[in-house]
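Chains as they are written, first to last, in the numbering used here: chain A, 57 to 332; chain B, 57 to 332. The structure appears below as structure tokens.
2 protein chains.
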Amino acid sequence: MRNLDHHTITQAVLDRHANTDNPRFKLIIDSLIRHLHDFVREVELTEAEWFAGIDFLTRCGAITDSKRQEFILLSDVLGLSMLTVAMNNDKPEGCTEATVFGPFHVEGAPHYELGADISNGARGTPCFVQGTVRDPEGRPIPHAKLDVWQSDEDGLYDVQHEGLAQAQARGMLTADEQGRFYFQSILASAYSIPTDGPVGELLRASGRHSWRPAHLHFMIKAPGFETLITHVFRKDDDYLDSDAVFGVRQSLIADWMRKDDGTYEVAFDFVLNAAK
Amino acid sequence: MRNLDHHTITQAVLDRHANTDNPRFKLIIDSLIRHLHDFVREVELTEAEWFAGIDFLTRCGAITDSKRQEFILLSDVLGLSMLTVAMNNDKPEGCTEATVFGPFHVEGAPHYELGADISNGARGTPCFVQGTVRDPEGRPIPHAKLDVWQSDEDGLYDVQHEGLAQAQARGMLTADEQGRFYFQSILASAYSIPTDGPVGELLRASGRHSWRPAHLHFMIKAPGFETLITHVFRKDDDYLDSDAVFGVRQSLIADWMRKDDGTYEVAFDFVLNAAK
């Protein structure tokens, strides 16, 4: 195994994996190697471009911390997140569709009682959110756990506000016996994903905008059901047809209604698929 | 652009790049997207596997700093580095072959006079290194700049020793009027690439060893010539045929001779290609 050229090297790398114990891991790593090698050959990547790629990933790593996830953002803008979600969520008719997880989820958000104001001081027009979690037969799923997160009227999540100590506009809720949930929050706004890092550079180099249509994030769990990671989008948003991360599903768009007092309300029911 | 499925999403992402200014960037990013999407579809990547991939890259980022470069290491073990090097260094007959840059180069290594001991206290059996830098016609290249780096007898580079303040076993030298260079250092040893990070996990999961045959790194620059990034390997090393990063070239193997006093010496001449 000396003097490998840019064709023979691919099989040489794959041959190293002959003793890999885990067949699933072997399938994945071998496929990744073949596709990455094909990419490098196809574009005839120069050494300077290779260095630029290493530098790009290094800077993605440097900007990533417990509150910033540039690798998820990268996967999102390359369409890899939505591709993976779409491929794995071919649910039966009637189940709520899934969409991207995104980079702004935080583990261990505060738990709120139903009806509470999860905005917790986040700036925005008040918005009341309600709905029911059901199974595919229409039966309520009692005590389903909802993890909700959203941006404020400036288009920022709490973790994007420097020095903010408490969670804002994110929280965990438990549906009632009839699968109902309801809480006070703020109106979601269209926002730009963070463009101050390497992914922003990539978007600018690509001539792409960085905007996402307004949405609420939900992750809903209940025993015996597939975890649902999804959004509820706002009807009439300018970016529904050009979401920077390709996540819009027509079935997830809701009418967020403006009330006479200037506040909003939105209702959305979720249908979880049975666990496989 | 709603309701993209795992087939239609690829073209949707490519369509976003319609306004990309730089045709070379467009070629590269579009090819990368196509190949990564094909990979995800081919292996039917699950969401859990996607999260594991994000976590892997995140941990590569977290362990990378000014002295540790896990992304280069990853590229090296996947064969992407050597593939890129091989593809870009199809030099004329007689020119010294290139090999991988590796993760252990440091910018701004100390400059030494010819004949100096660049080990600077690194542990190892003394070894004298000499040679000449020439052009393809055999003419010496006066004042060529050599950047040299190597591991010590424990198989570690200076940057891998916690708390070491000074550069050891690395330095810059300037060839003399006749293109000659010579310096004192230590014997290079076979070593394991770092396995305490994500790349180590990948090697273990793949059933691969992590060893590289003993070598000296050289980066040689001279006006009017292509920069040469290469190694000189030690004959008879156990790992010449299974280098963890696929970098061995038969033409780069030298006989490191043991002298009567137990020290070593090695001579190697470099031939730089004319700049394009």
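Ideal Cβ positions, reconstructed from N, Cα and C, are used throughout, including at glycine. Because the structure is a prediction, the values reported are computed rather than measured.
{"Check": "I'd like the list of long-range same chain contacts for H93 (chain B), defined as Cβ closer than 8 Å, with 5 residues on each side in sequence excluded.", "Outcome": "I65, T66 and V69"}
{"Check": "State yes or no: is the beta carbon of G150 (chain B) nearer than 8 Å to at least one beta carbon in chain A?", "Outcome": "no"}
{"Check": "Below 8 Å between beta carbons: does that hold for L243 (chain B) and Y295 (chain B)?", "Outcome": "no"}
{"Check": "Mind listing which residues of the segment 69-84 of chain B have their C-beta closer than 7 Å to chain A's C-betas, in chain order?", "Outcome": "V69, R72, H73, N75, T76, D77, N78, F81, L83 and I84"}
{"Check": "Return the residues of the segment 287-298 of chain B that lie within a Cβ-Cβ distance of less than 9 Å from chain A, sorted by chain order.", "Outcome": "L296, D297 and S298"}
{"Check": "Name the two residues that bound the continuous beta strand (DSSP E) containing P182 (chain A).", "Outcome": "P182 to R190"}
{"Check": "Over what stretch of residues does the beta strand (DSSP E) that includes T66 (chain A) continue unbroken?", "Outcome": "It is not in any beta strand (DSSP E) - T66 (chain A) instead sits in the alpha helix (DSSP H) that spans T64 to D71."}
{"Check": "Taking Cβ-Cβ distances below 7 Å as the criterion, which residues of the segment 264-284 of chain A are in contact with chain B?", "Outcome": "R264"}
{"Check": "Kindly identify the DSSP beta-bridge partner or partners of S248 (chain A).", "Outcome": "A:W267"}
{"Check": "Alpha carbon to alpha carbon, how far is V156 (chain B) from F81 (chain B)?", "Outcome": "24 Å"}
{"Check": "Quick one: what does DSSP say G164 (chain B) is sitting in, helix, strand or coil?", "Outcome": "coil"}
{"Check": "Just the chain A side, please: which residues come within less than 7 Å of S262 (chain B) by C-beta, in chain order?", "Outcome": "R72, H73, T76 and I85"}
{"Check": "Between N75 (chain A) and G235 (chain B), what straight-line distance do the alpha-carbon atoms span, to the nearest angstrom?", "Outcome": "47 Å"}
{"Check": "So is S241 (chain B) buried or exposed if we call it buried at 16+ other beta carbons inside 10 Å?", "Outcome": "buried"}
{"Check": "Using DSSP with H/G/I as helix, E/B as strand and the rest coil, what is M143 (chain A)?", "Outcome": "helix"}
{"Check": "Return the Cβ separation of F326 (chain B) and V189 (chain B) in integer angstroms, given the expectation that the two are a contact with Cβ distance under 8 Å.", "Outcome": "5 Å"}
{"Check": "Compare the C-beta of V96 (chain B) with all C-beta atoms of chain A and state if any pair is closer than 8 Å.", "Outcome": "yes"}
{"Check": "What's the C-alpha gap between G256 (chain A) and I89 (chain B)?", "Outcome": "17 Å"}
{"Check": "Would you kindly work out how many angstroms separate the C-alpha atoms of P79 (chain B) and G318 (chain A), rounded to a whole number?", "Outcome": "49 Å"}
{"Check": "Tell me whether the beta-carbon of Y168 (chain A) lies closer than 8 Å to the beta-carbon of S207 (chain A).", "Outcome": "no"}
{"Check": "Looking at C-alpha atoms only, which residue of A:L113, A:V133 and A:H62 is the closest neighbour of V301 (chain A)?", "Outcome": "A:V133"}
{"Check": "Please name the residue or residues paired with K201 (chain B) in a DSSP beta bridge.", "Outcome": "B:T230 and B:K277"}
{"Check": "So for Q224 (chain A), helix, strand or coil by DSSP?", "Outcome": "coil"}
{"Check": "Output, in sequence order along the chain, the residues in the segment 116-136 of chain A whose CB is closer than 9 Å to any CB in chain B.", "Outcome": "C116, G117, A118, I119, T120, D121, Q125, E126, F127, I128, L130, S131, V133, L134, G135 and L136"}
{"Check": "Under 6 Å Cβ to Cβ from I285 (chain A), same chain only, skipping five residues before and after it: list those, please.", "Outcome": "A154, F157 and M275"}
{"Check": "Return the residues of the segment 138-164 of chain A that lie within a Cβ-Cβ distance of less than 9 Å from chain B, sorted by chain order.", "Outcome": "M138, L139, T140, V141, A142, M143, N144, N145, D146, E153, A154 and F157"}
{"Check": "With a Cβ-Cβ cutoff of 8 Å, do F304 (chain A) and R305 (chain B) count as a contact?", "Outcome": "Reading off the sequence, residue 304 (chain A) comes out as Val, not Phe. Not closer than 8 Å, so no."}
{"Check": "For N144 (chain A) and E103 (chain B), which I take to be in contact (beta-carbon distance under 8 Å), what is that distance rounded to the nearest angstrom?", "Outcome": "5 Å"}
{"Check": "Cβ closer than 8 Å: which chain A residues qualify as neighbours of I242 (chain B)?", "Outcome": "Ordered by position in chain A, no residue passes the 8 Å Cβ test against I242 (chain B), which lies about 25 Å from the chain."}
{"Check": "Between E257 (chain A) and chain B, is the shortest Cβ-Cβ distance under 8 Å, so that the two count as touching?", "Outcome": "no"}
{"Check": "Would you say D61 (chain A) faces chain B, with C-beta separation under 8 Å as the test?", "Outcome": "yes"}
{"Check": "With contact counted as at least three CB pairs below 8 Å, one residue from each stretch, are the segment 104-112 of chain B and the segment 264-284 of chain B in contact?", "Outcome": "no"}
{"Check": "What in chain A is Cβ-close to M89 (chain B), meaning under 8 Å?", "Outcome": "A small correction: the amino acid at residue 89 (chain B) is Ile; Met does not occupy that position in the sequence shown. Neighbours of I89 (chain B) on chain A, chain order: L134 and G135."}
{"Check": "Between the Cα of W267 (chain A) and those of A:A118, A:W312, A:L212 and A:E193, spot the shortest distance and give me the residue it belongs to.", "Outcome": "A:L212"}
{"Check": "Can you say whether S307 (chain A) is buried or exposed, counting buried as having 16 or more other CB atoms within 10 angstroms of its CB?", "Outcome": "exposed"}
{"Check": "Which residues in chain B have a C-beta closer than 8 Å to the C-beta of F326 (chain A)? List them in chain order.", "Outcome": "Within chain B, no residue comes near F326 (chain A); the closest Cβ sits about 18 Å away, beyond 8 Å."}
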